[in-house]
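Single-structure report; data block below.
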Amino acid sequence: MHTSVHTSFHTLGLSEPLLRDLTAAGLLVPTPIQAQAIPPALEGRDVIGCAQTGTGKTAAFVVPMIERLAVLPKGQPQALILAPTRELALQICTSI
Numbered sequence: 002m003h004t005s006v007h008t009s010f011h012t013l014g015l016s017e018p019l020l021r022d023l024t025a026a027g028l029l030v031p032t033p034i035q036a037q038a039i040p041p042a043l044e045g046r047d048v049i050g051c052a053q054t055g056t057g058k059t060a061a062f063v064v065p066m067i068e069r070l071a072v073l074p075k076g077q078p079q080a081l082i083l084a085p086t087r088e089l090a091l092q093i094c095t096s097i
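Count along the sequence shown from 1, then add 1; that gives the number in the working numbering.
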């Protein structure tokens with residue numbers, strides 16, 4: 002697990018277009034789950050995280066997914082998000 006403290010999304014090594022999108026969405030400072038999960042996910046490593054509702058878990062896995070997808074060829078499915086319930090799937094869909 003990464004233990005360094007990230008006080009902004011800029012310190013996570015994200016691309017400028019994604020940083021602009023995060024800022025436009027009002028996301029300026031990563032939550033603890035985001036600061037810990039995003040760096041290893043960007044490296045392509047598997048991440049398991051546990052945090053309370055409303056702490057930014059969805060962004061913790063979606064932000065690195067979007068960053069990695071931005072450099073892949075277009076025109077075919079590139080990511081699959083699985084959710085255990087329909088309600089959670091709808092919540093994730095609304096968030097992203």
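Every residue gets a Cβ at the ideal spot worked out from N, C-alpha and C, and that includes glycine.
Separation of residue j from residue i, as counted between CA atoms
i: PRO33; j: THR86; result: 25 Å
i: GLN77; j: LEU70; result: 11 Å
When the options are compared against residue i, the one with the closest alpha-carbon
i: ALA52; options: GLY45, PHE62 and GLU44; result: PHE62
i: ILE97; options: LEU73, PRO31, GLY50 and LEU23; result: LEU23
i: ILE82; options: LEU19, GLU88, ILE93 and LEU73; result: ILE93
i: ALA84; options: LYS58, LEU73, SER16 and ARG69; result: LYS58
i: VAL30; options: SER9, LEU73 and PRO41; result: SER9
Buried or exposed (CB count within 10 angstroms, at least 16 for buried), residue i
i: GLY14; result: exposed
i: GLY55; result: exposed
i: GLN35; result: buried
i: GLU68; result: buried
First and last residue of the uninterrupted alpha helix (DSSP H) at residue i
i: SER96; result: 87–96
i: ASP47; result: Element bounds for ASP47: n/a, residue is neither H nor E.
i: LEU29; result: Here LEU29 belongs to no alpha helix (DSSP H), and DSSP marks it neither H nor E.
9 Å Cβ cutoff met for residue i and residue j
i: ALA38; j: PRO65; result: yes
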